[in-house]
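Chemist: Starting off with a structure, shown below.
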Amino acid sequence: MDLFVQAPPLNPPKTHPLHSLTLHQEQEQQPQEPLHQQSSVVIMSNNNIQIAQFHQEEDQKAKTSKGYMLLLVINYLCLFVGSISSSLISKFYFIHKGSSRWVSTWVQSAGFPLLLFPIYLPYYLFKCSERRPFDRFSPRILILSILIGLMLGLNNLLFSWGNSYLPVSTSSLLLSSQLVFNLILSVIIVKQRITFQNLNCVILLTLSSVLLALGSSHDRPQGLTTTKYFIGFFSTIGAGLLFALYLPIMEKIYKNVNCYGMVMEMQLVMEIAATALATAGMATDGGFREMKRESIYEFDKGEKWYWVTVMGNVVTWQMCFMGTAGMVFLTSSLTGGICMTALLGMNVVGGVLVYGDQFGGVKVVSTLLCGWGFCSYVYGMYLKMKDQKELQQKENKNLEMDQIVAPDTV
Numbered sequence: 001m002d003l004f005v006q007a008p009p010l011n012p013p014k015t016h017p018l019h020s021l022t023l024h025q026e027q028e029q030q031p032q033e034p035l036h037q038q039s040s041v042v043i044m045s046n047n048n049i050q051i052a053q054f055h056q057e058e059d060q061k062a063k064t065s066k067g068y069m070l071l072l073v074i075n076y077l078c079l080f081v082g083s084i085s086s087s088l089i090s091k092f093y094f095i096h097k098g099s100s101r102w103v104s105t106w107v108q109s110a111g112f113p114l115l116l117f118p119i120y121l122p123y124y125l126f127k128c129s130e131r132r133p134f135d136r137f138s139p140r141i142l143i144l145s146i147l148i149g150l151m152l153g154l155n156n157l158l159f160s161w162g163n164s165y166l167p168v169s170t171s172s173l174l175l176s177s178q179l180v181f182n183l184i185l186s187v188i189i190v191k192q193r194i195t196f197q198n199l200n201c202v203i204l205l206t207l208s209s210v211l212l213a214l215g216s217s218h219d220r221p222q223g224l225t226t227t228k229y230f231i232g233f234f235s236t237i238g239a240g241l242l243f244a245l246y247l248p249i250m251e252k253i254y255k256n257v258n259c260y261g262m263v264m265e266m267q268l269v270m271e272i273a274a275t276a277l278a279t280a281g282m283a284t285d286g287g288f289r290e291m292k293r294e295s296i297y298e299f300d301k302g303e304k305w306y307w308v309t310v311m312g313n314v315v316t317w318q319m320c321f322m323g324t325a326g327m328v329f330l331t332s333s334l335t336g337g338i339c340m341t342a343l344l345g346m347n348v349v350g351g352v353l354v355y356g357d358q359f360g361g362v363k364v365v366s367t368l369l370c371g372w373g374f375c376s377y378v379y380g381m382y383l384k385m386k387d388q389k390e391l392q393q394k395e396n397k398n399l400e401m402d403q404i405v406a407p408d409t410v
């Protein structure tokens, strides 16, 4: 039995002919009983068949499932901790003379072995899942995961190139458009409904990111040429578009997936493909030699701290992507994008607390807008889930009444 169990479906199941044959054979072997007792046996047998089928095809993303909120909280914590930590560690890397674009690309996906824990531990150690790892992982899913992983690897490369060439202000301003792209592509790909709730949140978070960028206009790097500026500009725009496309594509694929374990399996294959792309690029462009030289001669904290920084980035980036995948699976691509954009404000607060960054009036307003937009969206989600739960309870009561009346009406 899986760890998170939902109540059986509301509609009575359609009995398979083989099941009916088994029931008839059992009735022939047993003494005749009153008609209402025989009807009760049939109903209970059908319910047992239904429950057995349900355990084989459990839907862990159903909001009425007992474990839904637990999974949601765990994945958002992974996204929260991963996003803020990766931002702070990346800043530590660049502050202390780290500058390799290939290293920045590689660390975003190289932590894929960490995904083996949520894939294998529930089955082999905790014994809380009957589904074996990679069971029903078809060749079609494998090919899709590899292709999307390559797209994710390209996104990581563009993101790193954009960050290396552009000032923080320009990069943040361009990435703020990602949420708008996400909303538009979600409407096209997964038929996302535009409501006042999500539109209000997108506008507030985009304004928050724009203000954050304007408040960081003094961060322009020295010696930035026009050519490098345009390379960084289009790289950042491309990264924003690719990630905005990645989220609704994954939501569309996850509509046919009802098991969190399979989500992590797909994520593992995608990260392996992205790492293979980054590794090939590093091997071709001398990235590994650059990493070794940087650790010994350039990083001013020493070689030991260099590798600690790299490994910290590997772990935190993987937590970030794992949390994003889980949020898209459990909610929607738009919610995942909103959560990631909202964390930009938290990254600013983290920089103030850890590195003593300035926190002027513009950043204060930006953070307040970010919190307002995110909290209003979460509250709207809470009200929606509450209505769904009340509707589910009402339907369950109606089903119980039907089952009580059913034996007397046969």
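Here the UniProt record's numbering is used: the first residue of the sequence shown is 1, the next is one more, and so on.
The C-beta atom is built at its ideal place from N, Cα and C for all residues, glycine as well.
Would you be able to state if there are at least three C-beta pairs under 8 Å between the region 141-156 and the region 194-212?
Modeler: no
Chemist: Please list the terminal residues of the continuous alpha helix (DSSP H) segment that includes residue 415.
Modeler: The requested residue 415 does not occur in the structure, where the chain is confined to residues 1 to 410.
Chemist: Taking only the alpha-carbon atoms, compute the straight-line gap between S295 and V310 and give it to the nearest angstrom.
Modeler: 10 Å
Chemist: What residue range does the alpha helix (DSSP H) around S177 cover?
Modeler: 177-189
Chemist: Roughly how many angstroms lie between the CA atoms of S333 and F374, to the nearest whole one?
Modeler: Approximately 15 Å between the Cα atoms of the pair.
Chemist: Among Q403, G380, I231, E298, which has the Cα closest to the Cα of F196?
Modeler: G380
Chemist: Tell me whether the beta-carbon of A239 lies closer than 7 Å to the beta-carbon of L158.
Modeler: yes
Chemist: Determine the burial state of V328: buried for a count of at least 16 other Cβ atoms within 10 Å of its Cβ, exposed for fewer.
Modeler: buried
Chemist: Should N268 and F112 be called a contact, given that it needs their Cβ atoms to be closer than 7 Å?
Modeler: Strictly speaking, residue 268 in this sequence is Leu, with Asn absent from that position. L268 places its beta carbon less than 7 Å from that of F112.
Chemist: Assuming F243 contacts N155 under a Cβ cut-off of 8 Å, what Cβ separation, rounded to an integer in Å, is found between them?
Modeler: 5 Å
Chemist: Going by C-alpha distance, which of R132, L241, L174 is nearest L185?
Modeler: L241
Chemist: Can you tell me whether T331 is helix, strand or coil according to DSSP?
Modeler: Coil, per DSSP.
Chemist: Going by beta-carbon coordinates alone, are Q108 and W317 separated by less than 7 Å?
Modeler: yes
Chemist: DSSP three-state call for R131: helix, strand or coil?
Modeler: coil
Chemist: Can you tell me which of the three DSSP states F359 falls into?
Modeler: coil
Chemist: Beta carbon of G232, beta carbon of G162: below 7 Å?
Modeler: yes
Chemist: DSSP state of R193, grouped into three classes?
Modeler: coil
Chemist: With a Cβ-Cβ cutoff of 7 Å, do V354 and L88 count as a contact?
Modeler: Cβ atoms of V354 and L88: closer than 7 Å.
Chemist: Measure how close the beta-carbons of I338 and Y377 come, nearest whole angstrom, since I'm counting them as under 8 Å.
Modeler: 6 Å
Chemist: Please state whether DSSP places N256 in a helix, a strand or coil.
Modeler: Coil, per DSSP.
Chemist: Would DSSP call L166 helix, strand or coil?
Modeler: Here L166 sits in coil by DSSP.
Chemist: Mind pulling the alpha helix (DSSP H) runs of 4 or more residues that sit fully within the region 251-327?
Modeler: Listed in chain order, they are 260-285, 287-293.
Chemist: Under three-state DSSP, which class holds T225?
Modeler: coil
Chemist: Just the C-alpha distance for H96 and D300, rounded to the nearest angstrom, thanks.
Modeler: 6 Å
Chemist: Is A110 helix, strand or coil when you go by DSSP?
Modeler: coil
Chemist: So, is I188 buried or exposed, given that buried needs 16 or more other C-beta atoms within 10 angstroms?
Modeler: exposed
Chemist: Using the rule of at least 16 other Cβ atoms within 10 Å of the residue's Cβ for burial, across every protein chain shown, is Q388 buried or exposed?
Modeler: exposed
Chemist: So S138 is in the alpha helix (DSSP H); what residue range does that whole segment cover?
Modeler: Careful: S138 lies outside any alpha helix (DSSP H) and carries neither H nor E.
Chemist: One question on the structure: do I119 and G350 come within less than 7 Å of each other, judged by their Cβ atoms?
Modeler: no
Chemist: Could you tell me whether the Cβ atoms of A325 and V263 are closer together than 7 Å?
Modeler: At the C-beta level, A325 and V263 come within 7 Å of one another.
Chemist: So the alpha helix (DSSP H) G82 belongs to, where does it begin and stop?
Modeler: 68-95
Chemist: Could you check the C-alpha separation between I404 and E395 for me, to the nearest Å?
Modeler: 14 Å
Chemist: Rounded to whole angstroms, how far is the Cβ of L115 from the Cβ of E271, which I believe are closer than 8 Å?
Modeler: 7 Å
Chemist: Grouping DSSP H, G and I as helix and E and B as strand, with all else coil, what is L125?
Modeler: DSSP, read as helix, strand or coil, puts L125 in coil.
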